[in-house]
Amino acid sequence: MSVSEEIEHLSRRSFLRIAGIGSAALCLGLYVSEKAGAKVVNESEASLADAGIALAAWIIIHTSGKVTLICHRAEMGQGVYHSIAQIIAEELEVDLYGVDIQLTQGDEKKYGSQLTGGSSTIRGSYKNLLKLSATAREVLIMAAAARWGVDPSGCYAASGHVIQKSSGKKLHYGELVADAAKLTPPKEVKLKTRADYKVIGKGSLRRDSPLKTNGQAVFGIDKRIPGLQFATVERNPRLRGKVRSFDASAALKVPGVTRVFKVVMGVWDTDREGVAVVATSTWAAMQGRKVLKVEWDDSGFEHVSSPEIFRRQQELLQNSEGLSLSTQGDPTGIIARAKDKLDVVYETPYQSHSCMEPVNCIAHYQADKVEIWGPVQAPNWIQDYVSKKLGMDREKVIVNMTFLGGGFGRKAMPDYPYEAVMVSKEIGAPVQVVWTREDDATQGPYRPGISYRCEGAVENGGIAALKFRMAGQNNDHWMRGDSGKANRSTSEGFLKPYYESIKHISFADVPFKTPIPTSFWRSVYASTNGFAYESFLDELAHQAQKDPMDLRRQYLKDERSQLLIDKMEEVSGWKNRKKNEGYGVAITECFASTVGHIVKVSKNGDKGIRIDKVWVVVDCGWYVNPDIITAQVEGSVVMALGAATIHEITFKNGMVEQRNFYDYKMPRITDIPPIEVHIMENDENAGGMGEPGLPAFAPALTNAIFDLTGKRIRKLPFDLANVH
Amino acid sequence: MINLNVNHKKYRIDADPDMPLLWVIRDIIGLTGTKYGCGVAQCGACVIHLNGEAVRSCVTKLSRGAGQEIITIEGLSANNNHPAQVAWNEESVPQCGYCHSGQIMSAAVLLREKPNPTDQDIDDAMAGNICRCGTYLRIRKAIHLAAELQKKEGGTT
Chain A
-18 MSVSEEIEHL SRRSFLRIAG IGSAALCLGL YVSEKAGAKV VNESEASLAD AGIALAAWII
42 IHTSGKVTLI CHRAEMGQGV YHSIAQIIAE ELEVDLYGVD IQLTQGDEKK YGSQLTGGSS
102 TIRGSYKNLL KLSATAREVL IMAAAARWGV DPSGCYAASG HVIQKSSGKK LHYGELVADA
162 AKLTPPKEVK LKTRADYKVI GKGSLRRDSP LKTNGQAVFG IDKRIPGLQF ATVERNPRLR
222 GKVRSFDASA ALKVPGVTRV FKVVMGVWDT DREGVAVVAT STWAAMQGRK VLKVEWDDSG
282 FEHVSSPEIF RRQQELLQNS EGLSLSTQGD PTGIIARAKD KLDVVYETPY QSHSCMEPVN
342 CIAHYQADKV EIWGPVQAPN WIQDYVSKKL GMDREKVIVN MTFLGGGFGR KAMPDYPYEA
402 VMVSKEIGAP VQVVWTREDD ATQGPYRPGI SYRCEGAVEN GGIAALKFRM AGQNNDHWMR
462 GDSGKANRST SEGFLKPYYE SIKHISFADV PFKTPIPTSF WRSVYASTNG FAYESFLDEL
522 AHQAQKDPMD LRRQYLKDER SQLLIDKMEE VSGWKNRKKN EGYGVAITEC FASTVGHIVK
582 VSKNGDKGIR IDKVWVVVDC GWYVNPDIIT AQVEGSVVMA LGAATIHEIT FKNGMVEQRN
642 FYDYKMPRIT DIPPIEVHIM ENDENAGGMG EPGLPAFAPA LTNAIFDLTG KRIRKLPFDL
702 ANVH
Chain B
839 MINLNVNHKK YRIDADPDMP LLWVIRDIIG LTGTKYGCGV AQCGACVIHL NGEAVRSCVT
899 KLSRGAGQEI ITIEGLSANN NHPAQVAWNE ESVPQCGYCH SGQIMSAAVL LREKPNPTDQ
959 DIDDAMAGNI CRCGTYLRIR KAIHLAAELQ KKEGGTT
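Just so you know, the protein sequences line up as chains A and B, in that order. Residue 465 in our numbering sits at position 484 of the first sequence, and the numbers go up by one each step. Residue 960 in our numbering sits at position 122 of the second sequence, and the numbers go up by one each step.
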């Protein structure tokens, strides 16, 4: 199920409910049912429980007056720990800085999908959370009014209290818990408009920030439980190979090392083999691993190398039409007959996520259950996967979410939690398996390297036809098997309004496979599609002798796109720029947000190209926190800069060639241009913001370089210092 | 047994003298604010203060720390109120937050050595610290703000 389908699904089957838990606290949340239908609302508490329906309590009000809010998604830097609380605090009328915020466990019955990906948290839950919080506030007001024997309309809520307007009498929420639990919540509540907001729409100090400046935030790697042992695993460097034999004698002599054994890590339907070294400290396990001797069996699969991968992709693109994803009009015929046309290939590399917190997980396998603690983006997938592999009930796989030191898609995979479970099962004790930075770099999964063939025809100063084909590994094949259908993400990143105005257009996926494990990487296919498609539009603009911004304006006719382009021109001074001064533009759409970048470059003496400035204009509809959005965009630019100009993962004879930050280099403080972010103001449905700021940067940069130098860059990464 | 002085507390450590301070601090003493990022002095997530100098604890042996004064992020200030910590919060620097223990420990030494750092000073001092979330622009702003705060406080930390 795609993320957008899951969002719809959640809103269809969610019902607002209140439940008192004893007399100690009032829990307010949504009942999430597997069955759609409004009937559920009228069923009793007990029958709901019988039907396996649980209350997803986002708000817990204690009799003491303390309020606890739940963050049901992964906090990996994108700010939902704060922004979910910000949404609730607004309508509930509590002090954002006075509430407790808790991370939670994986529980799909309660929360719906907790897959924190596809920039889906806010856009998928804000409407429900606003309504839930406003309803909770109204019920508390009703309880207070009843207590005072007055009409609720004469009372209001503020800072965790209900206040009677005329008398000034007030009660804190905790004092109303017992009464409120007995009330039936109103079916309809009035939500605030943006003009009324006191908390939403403001950039405010992130609630997780203080925890992250004094060492108190508990990331997965920091979690400690009684009896915890530490392990690291030597995995086959060829990713698909097996363990033929190993010699543990030297490893077992290292002080602290307690056990050495073979472990199989499942990655969806693929098993990967390694040898685990368990010890009393992470370092002892690493030392033991250094002297471990393993013989690998690397038979039965291809040992690929990077040049061969891309050569093969590009050969396929010349010889195959591929599987059609969508076709409108007759682009093939138009292009065949056109006089003025382009046919070019773009190439984007494999990339590692390289989260600062290396992959790690704690597992405690016990007779009747498995408990997991870790930095995970998809607790429900872990429950599914581990329970299926172990033949255990899903509810017996308990997944506790910690803070994540970065996720970027990598930590949505259930491979490393499963591996930790296997190690715990073998030693009969809780264990934390830590991947080294080298494991992270050499084991993947990776963003797939992709080649694109872009064909287009221009006439009369415009685009007559576009034909896009992509050849690259399909992430879905790892998760769900090969469906035989086109990769549905082949057009991700491309703006929908283009389909209205460009009559002849097609997208196709030329299936391509290697043994390399791949996965989502921040903004997923848009991160590479955007480079190919938005660079190619720039090529067509020049071919048609059009200003690249004007060409976009001509084909993005909808009002939101026009306003976005107005803003981009205004903030960057686009119209006042001089010819070939080094300006480039690109606009992409993904996860329901549209983001336009303008990059300005200049010559940096004999050191190639310098990026002078980046302007970014975001249209994400309704939004919660402009400062977090700005931070996400700034971070996206830095991540895109790294992937476009600094690092790539390459393969040689079936093995990854990079190992650590010395050869998979990261952007540093010295590499960062000024970035200016603007957010469009409207109340359209909220779009995602964790990822959409990324894809348009690389094409805006290379389009700017073309403007300055006439050199068209069609292959990433490239070295800014070597562009002249 | 090796005597360690961490955040003004004394510890007697029974471990291999070659064990990096990073793992002693995290796995033996149990202070997990100091992070493992690369293990080879490339990323700066593990920066601590050894006698006031910023060192990478992932490549600093336990034996080198013996009897020296070690400060970790947990001991940088009494109440999360070192000017760098205050400024980091004020400028909403952290995203995932994993690298910021090391970033702040590096910045604290810079602020002591150069109370009025230029952008170039900041680049020189902070280029060893990687942030994958890309918070660099805010780090620069926060260090300038911390310098201001430090001045107001009369240089106390």
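We put the beta carbon where it would ideally sit given N, CA and C, even for glycine. Quick caveat, the model's predicted, so the values are computed rather than measured.
If we ignore side chains and look at the alpha-carbon of each, how far apart do residue i and residue j end up?
| i | j | result |
| --- | --- | --- |
| G577 of chain A | T569 of chain A | 7 Å |
| Y876 of chain B | E419 of chain A | Per the sequence shown, the amino acid found at residue 876 of chain B is Cys instead of Tyr. Roughly 8 Å separates the two Cα atoms. |
| F291 of chain A | I630 of chain A | 13 Å |
| Y433 of chain A | V378 of chain A | 42 Å |
| N666 of chain A | L273 of chain A | 55 Å |
| G99 of chain A | A359 of chain A | 12 Å |
| V241 of chain A | I431 of chain A | 39 Å |
| S944 of chain B | E520 of chain A | 45 Å |
| T690 of chain A | I653 of chain A | 21 Å |
| Q543 of chain A | L537 of chain A | 7 Å |
| R558 of chain A | V637 of chain A | 44 Å |
| T870 of chain B | A198 of chain A | 9 Å |
| T313 of chain A | D324 of chain A | 12 Å |
| F517 of chain A | V704 of chain A | 19 Å |
Does any residue of chain A have a CB that is nearer than 8 Å to the CB of residue i?
| i | result |
| --- | --- |
| R950 of chain B | no |
| H938 of chain B | yes |
| G903 of chain B | no |
| A883 of chain B | yes |
| Q988 of chain B | no |
| S895 of chain B | no |
| T878 of chain B | The question names Thr, but residue 878 of chain B is Val in the sequence shown. Answer yes: the Cβ-Cβ gap between V878 of chain B and chain A drops below 8 Å somewhere. |
| A831 of chain B | Outside the shown range of chain B (839 to 995) lies residue 831 of chain B, about which nothing can therefore be said. |
| M839 of chain B | no |
| I886 of chain B | no |
Using a C-beta cutoff of 8 Å, does residue i count as contacting chain B?
| i | result |
| --- | --- |
| F501 of chain A | no |
| I656 of chain A | yes |
| T716 of chain A | Limits of chain A in this structure are -18 at one end and 705 at the other, which puts residue 716 of chain A out of reach. |
| A612 of chain A | yes |
| E338 of chain A | yes |
| I202 of chain A | yes |
| K588 of chain A | no |
Where does residue i fall in DSSP's three states?
| i | result |
| --- | --- |
| Q145 of chain A | strand |
| G877 of chain B | coil |
| A19 of chain A | The predicted position of A19 of chain A is uncertain, since its pLDDT is 26 and thus under 50; no value can be drawn from it. |
| L9 of chain A | strand |
| Q86 of chain A | strand |
| Q364 of chain A | helix |
| Y506 of chain A | coil |
| N456 of chain A | helix |
| T690 of chain A | helix |
| W416 of chain A | coil |
| V235 of chain A | coil |
| I650 of chain A | helix |
| T911 of chain B | The question names Thr, but residue 911 of chain B is Ile in the sequence shown. In this structure, I911 of chain B counts as helix in the three-state DSSP scheme. |
Closest by CA to residue i, which one among the options?
| i | options | result |
| --- | --- | --- |
| E515 of chain A | A:E436, A:N585, A:K560 and A:R591 | A:E436 |
| V248 of chain A | A:I653, A:P395 and A:K466 | A:P395 |
| S504 of chain A | A:S470, A:F493, A:S482 and A:K633 | A:S470 |
| C601 of chain A | A:N663, A:Q309 and A:A161 | A:N663 |
| A679 of chain A | A:A702, A:F242, A:A567 and A:K594 | A:A567 |
| G935 of chain B | A:G616, A:G623 and A:V637 | A:G616 |
| Y107 of chain A | A:A66, A:V120, A:R205 and A:Q145 | A:A66 |
| V357 of chain A | A:A422, A:I202 and A:L164 | A:I202 |
| K223 of chain A | A:G208, A:D457 and A:E254 | A:E254 |
| L298 of chain A | A:G565, A:F488, A:I609 and A:S64 | A:F488 |
| G462 of chain A | A:I42, A:W354 and A:P498 | A:P498 |
Could you give the C-beta distance for residue i and residue j, rounded to a whole number, given that I count them as a contact under 8 Å?
| i | j | result |
| --- | --- | --- |
| I315 of chain A | A513 of chain A | I315 of chain A to A513 of chain A, Cβ: 20 Å. No contact. |
| I851 of chain B | I866 of chain B | 6 Å |
| V897 of chain B | A879 of chain B | 5 Å |
| C937 of chain B | N967 of chain B | 6 Å |
Should residue i be counted as a contact of the ligand ADP given a C-beta to heavy atom distance under 7 Å?
| i | result |
| --- | --- |
| T626 of chain A | This structure simply doesn't include the ligand ADP, nor any ligand for that matter. |
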